[in-house]
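**Q** Please see the structure below; I have some questions.
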């Protein structure tokens, strides 16, 4: 028996954890702590004696740093030290040591520290060091622009410094009270720096006024390198040339000449009062998006350009609460080139100010031209149109002569702009062009109707804007407002590691504890949760930048409920409650600046009731009885109008929502299972539901298990199809009610038939694949599975259109690997004793970060069939709801609620 005295140094945070309480998450074999046999849920301290009965034993412990596996090492590092096979699950970079000595003395570098500079006359501000190396040397803490609410008294407050300060190298508080004569107002400001760990410092600016009902303000923080950096980096670019950065994750940094990375991050938009929305729905005009005329926070992050650097000006700016008014300021009409390229079957007649398209019955026809767009500028495209077909307008980047991706931040998905045959209709839409590596932009105008048509385009114009800039953040009377940012420091390695660090360091700065993947998903969730609109600070959560500006019920549920933040959960849940229709249904979508009428018999109302139950459990709040009662009544009537325990619906009660059923269907396993969850939730909310009724519905869910095929039937009409989503009701039951509905054999047999694909040699478990298809067909051949085809698929016209010639094999719902659904299914397997569950959980978490090394962040799905990562869909980047694995890890016993900074016992 090996005897190890554990003295652990967790490199994830570089702090000693001697006094911390840890909890046993799992034990394999016989492991003793202080000569007592330990079992799951035992509480131990990482200071004491562990004994392992054999070399194969291990123990998993859960604590503030995450989940760790400890087992006896067999590779001595030195004469008196063993390397413990301690590997933080899902965080392979973490290591620890176990020694036979009673103590370990080590000297740790000081890491990040603070130093106050200045004097009483000029004011005080803070320099940031890494040990003895000066990295950030600012001349001010921030600048303000303010105005009264009618805009008649604008004030610039540049270069704020503190009048007094207190603190030390780990915490500094600067203060100053200022009289603003233009507004006859006293403004109190406090700036607090707090070192979080040796890599991260948190900066909070607090503004307070008690003299006028409200004022508007914008705030700019300018961070200056102490010496000219070797380069600037942003989340998407390894060497950024400067200017505004509008990317999928708002982080930027610089690299010093001696290879230190200094990164700059920010708190969530719902806390810092910003939004990253650049567009609105074009409802009523054929759908799609157009840019907003009042554009909020377009330069949330900006960096010194080459022109700035010539006079030795180096900086990274974070600007909060500034909007661009495109209908004010100045604009310049640009010359449109004469080189039109014909696309498809069309004749083009060009006259001064008028273009006539006469098209045949092709799916796509019209003309393309190179638009006079440049990086980091804002444009509006306008024209008058009339004709016999809706108009399509597309903007694509062109790199090295090849069309790549569609522009995002404004005009997009304009496929069917409706026009009149005899009257002119105005199209007008704006677009923010971010940094696009100086690519060209092609503009297509034409028809996607597939029918013969004639379209006339009149007065085609493109204007470049120099918009009016104005503050929009509101500072109310008697209420403090804050802006929180973070600085992190670590050695520069490569851009991949910068993207990872941006996410993990933000989570650490916010006080979040967990594994690497947990930190990354938590950070991404925060960066996709902002305010609703310019004058509405209600929190708003979007699925990712591709789905912005819309909040989807399903996505918001899985994302926000993963947090223990009471205010956030209640405010967003209440927003969904406000969408309730007369029949009790909760809407599917909330879109800022436009309306929506979509409310249907999917899982939205059920999940809203689950959320209500969790809010009551977690926070002890009183629920709105009338709204709850209406939602309960809707669920009971809509999904089981015959009162026989059988769920019927026009839609799936899961994410696989690419078909509706006319009439209602009872063929779907997931629907029956989610109906059981709905009934148990309603009963938990205090409504009378007979146990026999619930049991009848639950038996019907179990009856979807086909004993011959040994899996749950995704759709009774397509018995060869298997899906991970059919285990989602079982996960809900384990999570919400600590109760299994399915037998161990049902779950294990189902999971054993799911093909595990994308096997790679550098995964944690290279003998296994890293991803599994969410939905696939099982076959009797040697391969054992096949992707869906038009001839055999359950999605109706969608499958017929999209699955021709194997065009979508392995992507989206034809075999794409969706992390949340897949990971939760493995946790179900873990709870039912499946021996592969933990292995596949680790591999799947690894895949999200590492399978595509250029995309180390959350994704909507990972393809299970591909030859190069260039084929992966850019629209999938940065999906929010994968943060729900925090709840999955709680169910698995690998995580505790107290690891969330907002958890309140």
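Numbering (this note's numbering), first residue to last: 4 to 908.
Each residue gets a CB set at the ideal place from its N, CA and C atoms; glycine is no exception.
Here the structure is a predicted model, which means the values were calculated and not measured.
(1) Closest to residue 677 by CA distance: which of 446, 837, 705 is it?
(2) Rank 719, 275, 707 by C-alpha distance to the C-alpha of residue 477 and give the top, closest one.
(3) Can you give me the Cβ contacts of residue 220 inside the same chain, cut-off strictly under 7 Å, excluding the 5 residues immediately before and after it?
(4) Using only the alpha-carbon positions, how far apart do residue 365 and residue 451 sit?
(5) Please classify residue 285: does DSSP put it in a helix, a strand, or coil?
(6) Kindly indicate the opening and closing residues of the beta strand (DSSP E) around residue 43.
(7) Buried or exposed: which applies to residue 103, given that a residue is buried once 16 or more other Cβ atoms fall within 10 Å of its Cβ?
(8) DSSP on residue 507, reduced to helix/strand/coil?
(9) So is residue 282 buried or exposed if we call it buried at 16+ other beta carbons inside 10 Å?
(10) Give the range of the beta strand (DSSP E) segment to which residue 778 is assigned.
(11) Quick one: what does DSSP say residue 597 is sitting in, helix, strand or coil?
(12) Assuming residue 462 is part of the beta strand (DSSP E), what are its boundary residues?
(13) DSSP on residue 611, reduced to helix/strand/coil?
(14) Considering residue 749, what are the terminal residues of the alpha helix (DSSP H) in which it resides?
(15) Exposed or buried, residue 480, counting other C-beta atoms within 10 Å across all chains shown (16 or more means buried)?
(16) Measuring alpha carbon to alpha carbon, tell me which of 73, 43, 577, 65 ends up nearest residue 52.
(17) Rounded to whole angstroms, what is the Cα-Cα separation between residue 369 and residue 397?
(18) In terms of residues, what are the limits of the alpha helix (DSSP H) holding residue 209?
(19) Measure the C-alpha to C-alpha separation of residue 551 and residue 522 and round it to an integer number of angstroms.
(20) So, helix, strand or coil for residue 685, using DSSP?
(21) Expressed to the nearest angstrom, what Euclidean distance is found between the alpha-carbon atoms of residue 182 and residue 190?
(22) Alpha carbon to alpha carbon, how far is residue 87 from residue 766?
(23) To the nearest angstrom, report how far apart residue 3 and residue 674 are at their CA atoms.
(24) Go ahead and pull the three-state DSSP assignment for residue 742.
(25) Taking only the alpha-carbon atoms, compute the straight-line gap between residue 34 and residue 56 and give it to the nearest angstrom.
(26) Are there 16 or more other CB atoms within 10 angstroms of the CB of residue 908, so buried, or fewer, so exposed?
(27) With a threshold of 8 Å, are at least 3 pairs of Cβ atoms found where one atom belongs to the stretch 685–693 and the other to the stretch 632–639?
(28) Roughly how many whole angstroms lie between the Cα atoms of residue 257 and residue 266?
(29) Would residue 163 pass as a contact of residue 204 if the rule is Cβ separation under 8 Å?
(30) Leaving out five residues before and five after residue 81 in sequence, what residues of the same chain have Cβ atoms less than 7 Å from its Cβ?
(31) Tell me which residue opens and which closes the beta strand (DSSP E) that residue 345 is part of.
(32) Just to confirm, is the Cβ distance from residue 435 to residue 381 under 8 Å?
(33) Helix, strand or coil: which one does DSSP assign to residue 642?
(34) If you draw a straight line from the alpha carbon of residue 899 to that of residue 867, how long is it in whole angstroms?
(35) I'd like the span of the alpha helix (DSSP H) that includes residue 562, first residue to last.
(36) Report yes if the C-beta distance between residue 445 and residue 401 is below 8 Å; otherwise report no.
**A** To lay it out plainly:
(1) Translated into positions along the chain shown, residue 677 becomes position 674. Just measuring C-alpha positions, the residue of 446, 837, 705 sitting nearest residue 677 is 705.
(2) Translated into the one-based positions of the chain shown, residue 477 becomes position 474. Answer by Cα proximity: 275.
(3) To locate residue 220, count along the chain shown from 1; it is residue 217. Around residue 220: 147, 148, 149, 324, 474, 476, 478.
(4) Working through the chain shown from its first residue, we reach residue 365 at position 362. Working through the chain shown from its first residue, we reach residue 451 at position 448. Straight-line Cα distance between these residues: approximately 8 Å.
(5) Along the chain shown, read from residue 1 onward, the residue named residue 285 stands at position 282. Coil.
(6) Residue mapping note: residue 43 aligns to position 40 of the chain shown, counting from 1. From DSSP, residue 43 is part of no beta strand (DSSP E); its letter is neither H nor E.
(7) Taking the chain shown and counting its residues from 1, one reaches residue 103 at position 100. At residue 103 the pLDDT is 28, less than 50, meaning the model places this residue with poor confidence; the figure from the coordinates comes in the next sentence. Residue 103 is exposed by the Cβ-count criterion.
(8) The count along the chain shown starts at 1 and reaches residue 507 at position 504. Helix.
(9) Working through the chain shown from its first residue, we reach residue 282 at position 279. Classification for residue 282: buried.
(10) Residue numbering aside, residue 778 sits at position 775 when the chain shown is read from its first letter. For residue 778, the enclosing beta strand (DSSP E) has its first and last residue at 778–781.
(11) For the purposes of this step, residue 597 is identified with residue 594 of the chain shown, where counting begins at 1. Three-state result, residue 597: coil.
(12) Residue mapping note: residue 462 aligns to position 459 of the chain shown, counting from 1. From DSSP, the beta strand (DSSP E) with residue 462 extends over 456–474.
(13) The sequence position of residue 611 within the chain shown is 608, counting from 1. If DSSP states are grouped into helix, strand and coil, residue 611 belongs with the helices.
(14) As a first step, residue 749 is located in the chain shown; it is residue number 746 there, counting from the start. Residue 749 -> alpha helix (DSSP H) spans 747–755.
(15) If you number the chain shown from 1, residue 480 lands on position 477. Looking at its Cβ environment, which holds fewer than 16 other Cβ atoms inside 10 Å, residue 480 is exposed.
(16) Start at 1 with the first residue of the chain shown, and residue 52 comes out as number 49. Measuring from the Cα of residue 52, the nearest candidate turns out to be 73.
(17) Here residue 369 refers to the residue found at position 366 of the chain shown. Here residue 397 refers to the residue found at position 394 of the chain shown. About 11 Å.
(18) Reading the chain shown from its first residue, position 206 is the one you call residue 209. Looking at the DSSP string, residue 209 is not in any alpha helix (DSSP H); the run it does join, the beta strand (DSSP E), is 203–211.
(19) One-based indexing of the chain shown puts residue 551 at position 548. One-based indexing of the chain shown puts residue 522 at position 519. Rounded to whole angstroms, residue 551 to residue 522 spans 23 Å at the Cα level.
(20) For the purposes of this step, residue 685 is taken as the residue at position 682 of the chain shown. DSSP places residue 685 in helix when its eight states are reduced to three.
(21) Along the chain shown, read from residue 1 onward, the residue named residue 182 stands at position 179. Along the chain shown, read from residue 1 onward, the residue named residue 190 stands at position 187. Spanning the two alpha carbons is a distance of roughly 6 Å.
(22) Position 84 of the chain shown holds residue 87. Position 763 of the chain shown holds residue 766. Low per-residue confidence applies at residue 87: pLDDT is 34, beneath 50, and the placement is therefore not dependable enough to give any value.
(23) Given that the chain is displayed from residue 4 to residue 908, the structure contains no residue 3 and the question cannot be resolved.
(24) Here residue 742 refers to the residue found at position 739 when the chain shown is read from its first residue. Secondary structure at residue 742: coil, using DSSP grouped into helix, strand and coil.
(25) As a working note, residue 34 is residue 31 in the chain shown. As a working note, residue 56 is residue 53 in the chain shown. Straight-line Cα distance between these residues: approximately 6 Å.
(26) In the chain shown, counting from the first residue as 1, residue 908 sits at position 905. Residue 908 comes out exposed.
(27) Using a Cβ-Cβ distance cut-off of 8 Å, the stretch 685–693 and the stretch 632–639 are in contact, since at least three pairs of beta carbons, one from each stretch, lie closer than that value.
(28) Taking the chain shown and counting its residues from 1, one reaches residue 257 at position 254. Taking the chain shown and counting its residues from 1, one reaches residue 266 at position 263. If you take the alpha carbons of residue 257 and residue 266, they lie about 7 Å apart.
(29) Along the chain shown, read from residue 1 onward, the residue named residue 163 stands at position 160. Along the chain shown, read from residue 1 onward, the residue named residue 204 stands at position 201. No.
(30) For the purposes of this step, residue 81 is taken as the residue at position 78 of the chain shown. Residue placement at residue 81 is flagged as unreliable, the pLDDT there being 30, under the threshold of 50; the coordinate-derived value follows with that caveat. Taking C-beta separations shorter than 7 Å and ignoring five residues to either side along the sequence, residue 81 has no partners in its chain.
(31) Translated into positions along the chain shown, residue 345 becomes position 342. Looking at the DSSP string, the run of the beta strand (DSSP E) that includes residue 345 is 344–346.
(32) Position 432 of the chain shown holds residue 435. Position 378 of the chain shown holds residue 381. Yes, the pair counts as a contact, with Cβ atoms nearer than the cut-off.
(33) By one-based count along the chain shown, residue 642 stands at place 639. The answer is helix: DSSP assigns residue 642 an H, G or I state.
(34) One-based indexing of the chain shown puts residue 899 at position 896. One-based indexing of the chain shown puts residue 867 at position 864. Going from the Cα of residue 899 to the Cα of residue 867 covers about 32 Å.
(35) For the purposes of this step, residue 562 is identified with residue 559 of the chain shown, where counting begins at 1. Looking at the DSSP string, the run of the alpha helix (DSSP H) that includes residue 562 is 556–563.
(36) Position 442 of the chain shown, counted from the first residue, corresponds to residue 445. Position 398 of the chain shown, counted from the first residue, corresponds to residue 401. For residue 445 and residue 401, yes; Cβs fall inside 8 Å.
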